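A.B. asks: Sending over a structure as structure tokens; questions will come in a sec.
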Amino acid sequence: MKWSEISILTTNEAVEPISNILHEAGASGVVIEDPLELEKEREDQFGEIYQLNPDDYPEEGVIVKAYLPVNSFLGETVDEIKEAINNLIIYNIDIGLNKVSISEVNEEEWATAWKKYYNPVKISEKFTIVPTWEDYTPVNTDELIIELDPGMAFGTGTHPTTVMCIQALERTVQPGDRVVDVGTGSGVLSIAAAKLGAGKVEAMDLDDVAVQVAKLNLKLNKVHDVATISQNNLLDGVAEGADIVVANILAEVILRLLTMQARS
Ligand SMILES: C[S@@+](CC[C@H](N)C(=O)[O-])C[C@H]1O[C@@H](n2cnc3c(N)ncnc32)[C@H](O)[C@@H]1O
139 MKWSEISILT TNEAVEPISN ILHEAGASGV VIEDPLELEK EREDQFGEIY QLNPDDYPEE
199 GVIVKAYLPV NSFLGETVDE IKEAINNLII YNIDIGLNKV SISEVNEEEW ATAWKKYYNP
259 VKISEKFTIV PTWEDYTPVN TDELIIELDP GMAFGTGTHP TTVMCIQALE RTVQPGDRVV
319 DVGTGSGVLS IAAAKLGAGK VEAMDLDDVA VQVAKLNLKL NKVHDVATIS QNNLLDGVAE
379 GADIVVANIL AEVILRLLTM QARS
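So the sequence shown is numbered by my numbering: it starts at 139 and just counts up by one.
Structure, rendered in structure tokens:
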């Protein structure tokens, strides 16, 4: 199995919650590089005093490192980690410089390294996700295909939370429904809703990269006549009601979304 190293430059205060976030994201352990360690005198198991290399430690703050398996949703896992760390601010936790870096493979390779682990996959009763660079012949005549190139946006369609949303859409979308997809990422849930017969789909995302990626994927799947995409924060400015609002976002963001709905 291939591993990718994620390194976060943060504060002492944030070490514990960030370690928790990394564990929840699938890391089996964390490494903490705290410059205070340099001031301690240490002995190895043979009683000899050894020195730590100051080059391995930050001048300011603490580095928390973890190793994550390289799989088809590594990019999404990293996005989730970044989002969860940013959310610590809500709990008044100082996250300091919050510099996140990925190593072992350089940034460009990281952006594409997951591609070789991303193959056509049947994710629900009706849907098969097919990466745009793969040839795929449908097994059944009623099989619905979502062709995707998620690029740097979240949404390969294979992440467990995405799969659960697609399965929920499969159970709920009725022909002609108006669907709003909050936090569309690659556009995968909007494409699913349109292919299930929704009459109008509005995809939204805060992130400009996601908006560009989703636009391409909506076109690729020939649903751009039904589904539109815009850059938006949650449901800001959305006045018209919807039959279904789908949002695969962190629970604390969904809680904010619910308050917005209650107000409208
Ligand atoms: C976990 S991804 C889900 C992507 C895709 N819908 C899926 O199910 O695979 C969450 C997405 O929500 C977006 N997002 C986060 N906060 C948001 C906000 N306040 N308003 C709109 N989009 C947001 C992120 O940019 C990201 O693309």
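By construction, the Cβ of each residue, glycine as well, lies at the ideal position given by its N, Cα and C atoms. Keep in mind that this is a model prediction, so the values were computed, not measured.
Is DSSP giving K237 helix, strand or coil here?
C.D. replies: K237: strand per DSSP, three-state reduction.
A.B. asks: Looking only at DSSP bridge pairs, what is E143 linked to?
C.D. replies: Note: E143 sits in a beta bridge opposite Y205, S241.
A.B. asks: With distances taken between CB atoms, is the gap from V326 to G289 smaller than 7 angstroms?
C.D. replies: The answer is no: Cβ separation not under 7 angstroms.
A.B. asks: Given a cut-off of 7 angstroms, decide if P276 and Y256 are closer than it, judged by their beta-carbon atoms.
C.D. replies: Not closer than 7 angstroms, so no.
A.B. asks: Do C303 and N209 have their C-beta atoms within less than 7 angstroms of each other?
C.D. replies: Not in contact: C303 and N209 (Cβ atoms no closer than 7 angstroms).
A.B. asks: Quick check: is any heavy atom of ligand 1 less than 6 angstroms from the C-beta of T300?
C.D. replies: Under cutoff, so the answer is yes.
A.B. asks: Leaving out five residues before and five after D315 in sequence, what residues of the same chain have Cβ atoms less than 7 angstroms from its Cβ?
C.D. replies: Cβ neighbours of D315 beyond the five flanking positions: A336, G337, D381, I382.
A.B. asks: Say the cut is 6 angstroms; is the CB of L372 nearer than that to a heavy atom of ligand 1?
C.D. replies: Correct: L372 has its Cβ closer than 6 angstroms to ligand 1.
A.B. asks: Apart from the five residues on each side of it in sequence, which residues of its chain come closer than 7 angstroms, Cβ to Cβ, to E285?
C.D. replies: Counting only Cβ-Cβ distances below 7 angstroms, and skipping sequence neighbours, we find V268, T270, L358, N359.
A.B. asks: So, for S241: in the same chain, excluding its five sequence neighbours on each side, which residues have a beta-carbon less than 6 angstroms away from its beta-carbon?
C.D. replies: Excluding sequence neighbours, S241 sits near E143.
A.B. asks: Tell me whether V169 is buried or exposed, calling it buried when 16 or more other Cβ atoms sit within 10 Å of its Cβ.
C.D. replies: So V169 counts as exposed.
A.B. asks: Say yes only if the C-beta of I387 is nearer than 6 angstroms to one or more non-hydrogen atoms of ligand 1, and no if none qualify.
C.D. replies: Flag set: Cβ of I387 near ligand 1.
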